[in-house]
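Some notes on the structure that comes next.
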Amino acid sequence: MIYLDNAATTKPCDEAVEAAVKMMKENFGNPSSLHRAGLDAQLEMDRARKIIADSLGAESSNIIFTSGATESSNLALRGAAAAYGRRKKRIVASAVEHASVDETLTALEKSGFEVVRISPGAGGKFEPADFISACNEDTFLVTMMLVNNETGHILPVKETFSAVKRRFPDIITHSDCVQAYMKISFRASQLNADLISLSGHKIHAVKGAGALYIKKGIRLLPIVTGGKQEKGIRSGTESTPLIAAFGAAVEKYSGDISQRWERAAELKKYLTEKLAEIPEVTINSPEDGSPYIINISQPKRSEIMLHYLEGSGIYVSSGSACSKGQQSGVPAQFGITGKAADGALRISLSSETTESELDEFASALKNGIEKVRG
Ligand code: PLP
0 MIYLDNAATT KPCDEAVEAA VKMMKENFGN PSSLHRAGLD AQLEMDRARK
50 IIADSLGAES SNIIFTSGAT ESSNLALRGA AAAYGRRKKR IVASAVEHAS
100 VDETLTALEK SGFEVVRISP GAGGKFEPAD FISACNEDTF LVTMMLVNNE
150 TGHILPVKET FSAVKRRFPD IITHSDCVQA YMKISFRASQ LNADLISLSG
200 HKIHAVKGAG ALYIKKGIRL LPIVTGGKQE KGIRSGTEST PLIAAFGAAV
250 EKYSGDISQR WERAAELKKY LTEKLAEIPE VTINSPEDGS PYIINISQPK
300 RSEIMLHYLE GSGIYVSSGS ACSKGQQSGV PAQFGITGKA ADGALRISLS
350 SETTESELDE FASALKNGIE KVRG
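According to numbering that gives the first Met the number 0, the sequence shown is numbered sequentially starting from 0.
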């Protein structure tokens, strides 16, 4: 198998798997229980919480565990709307957010909030000034992802949030950092983000665990109520095996973020040169985007080419993998429309991808363009 769909999910690393198995076999207590078994589970969960907090330059008390980034963003947006939305009704967002944010915004719109979606300008670039112009005294939240999951564009979160905070200090800022975490070094305070959504399974941990960073002083009302776990913000027994796996992956990958970025950049350059030899292929991702995500267009329908490549054991994605083949509006925001959108493929790398895997992909793609009908 040549797995080039790392933006959809990643292979869990051995450290994550071992941490999860150890929790299930040896440390399976409920972290809320008052006895020793509960305490042991809680200590391990606290260790993971500290590792994740440290990676953001934050305190353990800033981290709430969730089932994944979808839940983190739902909690961030719905929780903030419930806490702050009685008097203020406007939310400003980028128009290229993942469905976990965008669909949540649509739901909030249906319940009476006003959502202003800001599109990028030429070259897919966002202007912080556009966000400032869209904010007013009625605005309580601005949300902007750090790396786009479909194209790899890096959004100017730090510049935008800093400008927003200067002009409107009370506005809360949220960033979906799923595709940036453990790939770009950032601190919560550098981004000027009050809320940050993270996912375990995108960083070689296990599906089913995510986190929400909440800056001290930001109030969120819970969207899941019950036993008041996670400081009452997210009730429900924590998944200690998956949380331990999340912590183990962050521990493994937080030390060499820039070296892995360099390696991914080499791989992106290598693939770009290979694809330049196929005249029918165009690269949609920007040169200065995340090297982990490369969006290309080729002349066959995405799904047809995807399945052709699958026949050679090569896995890529068409559009956003989360949408199960449904075309999202995001590529169009970045100027990928018409035939280019119909034939768009997303190749997403890990630092363990090899040049020979990329050779095989490029040669299978070339064959597919020649052989596949339609
Ligand atoms: N945000 C982005 C940018 C993503 O790419 C994804 C998954 O594709 C998510 C959020 C959702 O994450 P999860 O699967 O942890 O709910």
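The beta carbon of each residue, even a glycine, is placed where N, CA and C say it ideally should be.
Asked	Found
Which residue from Leu3, Ala343, Glu279 puts its Cα closest to that of Ser301?	Ala343
Within the continuous beta strand (DSSP E) that includes Phe139, where are the two ends?	138-142
Would you say the beta carbon of Ser317 comes nearer than 7 Å to a heavy atom of the ligand MG?	Although the ligand MG was asked about, the structure shown includes only the ligand PLP as ligands.
Tell me whether the beta-carbon of Glu250 lies closer than 8 Å to the beta-carbon of Phe64.	no
Nearest-angstrom Cα distance between Ser257 and Ile51?	18 Å
Work out the CA separation of Ile117 and Met143 for me, nearest whole Å.	10 Å
Considering only C-alpha positions, which residue in the set Asn283, Ala243, Tyr212 is nearest to Ile232?	Tyr212
Skipping 5 residues on each side, what residues in its chain have a beta carbon closer than 6 Å to that of Gly151?	Ser284, Gly288, Ser289, Ile292
Can you tell me the Cβ-Cβ gap for Ile368 and Ile277, rounded? I've got them flagged as a contact below 8 Å.	7 Å
Kindly indicate the opening and closing residues of the beta strand (DSSP E) around Asn454.	In the structure displayed, the chain extends from 0 to 373; residue 454 sits before or after that span and is not available.
In the DSSP assignment, find the unbroken alpha helix (DSSP H) run with His306 in it and report its ends.	301-310
Quick check: does the Cβ of Ala68 come within less than 7 Å of any heavy atom belonging to the ligand PLP?	yes
Compare the C-beta of Gly367 against all C-beta atoms of chain D and say whether one is closer than 8 Å.	Absence of chain D from the displayed structure is noted, only one protein chain being present.
Going by the DSSP bridge assignment, what does Arg383 pair with across the sheet?	Residue 383 lies beyond the residue range present for the chain, which begins at 0 and ends at 373; the question has no answer from this structure.
The beta strand (DSSP E) that contains Ala204, what's its start and end?	Taken as a continuous stretch (DSSP letters only), Ala204 belongs to no beta strand (DSSP E), as it is neither H nor E.
Taking the alpha helix (DSSP H) that Arg345 falls in, what are its first and last residues?	That residue, Arg345, is in no alpha helix (DSSP H); its beta strand (DSSP E) goes 343-347.
Taking Ala361 as the reference, give the member of Ala80, Tyr83, Tyr314, Phe130 with the closest Cα.	Tyr314
Look at Gly28 and Gly207 and say whether their C-beta atoms are less than 8 Å apart.	no
Taking its Cβ as the centre, do 16 or more other Cβ atoms sit within 10 Å of Met304, making it buried, or is it exposed?	buried
Compute every distance between the C-beta of Met144 and the non-hydrogen atoms of the ligand PLP, then say whether any falls below 7 Å.	yes
Note down, one range per segment and in chain order, each beta strand (DSSP E) of at least 3 residues found wholly within the segment 244-274.	none
Straight-line CA distance for His203 to Asp13?	9 Å
Using the C-alpha atoms, what's the distance from Phe112 back to Arg85?	10 Å
Quick test of the definition: if touching needs 3 or more C-beta pairs under 8 Å, does the segment 176-196 touch the segment 146-162?	yes
Pick out whichever of Leu3, Ala264, Glu43, Gly216 has its Cα sitting closest to the Cα of Val20.	Glu43
Spell out a yes or no on whether the segment 257-273 and the segment 217-230 are touching, meaning 3 or more CB-CB pairs, one atom from each, closer than 8 Å.	no
Enumerate in chain order the residues of its own chain whose CB-to-CB distance from Ala320 is below 6 Å, with the five nearest sequence positions on each side excluded.	Residue placement at Ala320 is flagged as unreliable, the pLDDT there being 44, under the threshold of 50; a coordinate-derived value is accordingly withheld.
Is it a yes or a no for the segment 156-164 touching the segment 120-138, going by three-plus beta-carbon pairs under 8 Å?	yes
If the criterion is Cβ atoms closer than 8 Å, does the pair Ser60 and Asp45 meet it?	no
Would Asn26 be called buried (16 or more neighbouring beta carbons within 10 Å of its own) or exposed?	buried
Residues in its own chain within less than 6 Å of Ser198 by CB, not counting five upstream and five downstream?	Gly67, Ala68, Val177, Gly209
May I ask you to report which of helix, strand or coil DSSP gives Leu76?	helix
Within 10 angstroms of the Cβ of Asp255, are there 16 or more other Cβ atoms? Answer buried if so, exposed if not.	exposed
Under a Cβ-count criterion, where at least 16 other Cβ atoms within 10 Å of its own Cβ denotes burial, should Asp378 be classed as buried or exposed?	Nothing about residue 378 can be reported from this structure: the residues present for the chain run from 0 to 373 only.
At the level of alpha carbons, what is the spacing between Ile348 and Ala106?	At residue 348 the sequence reads Leu, which differs from the Ile that was named. Leu348 and Ala106: Cα-Cα distance of roughly 33 Å.
Can you list, in chain order, the residues of its chain whose CB lies under 7 Å from that of Ala80, leaving out five sequence neighbours each side?	Leu107, Phe112
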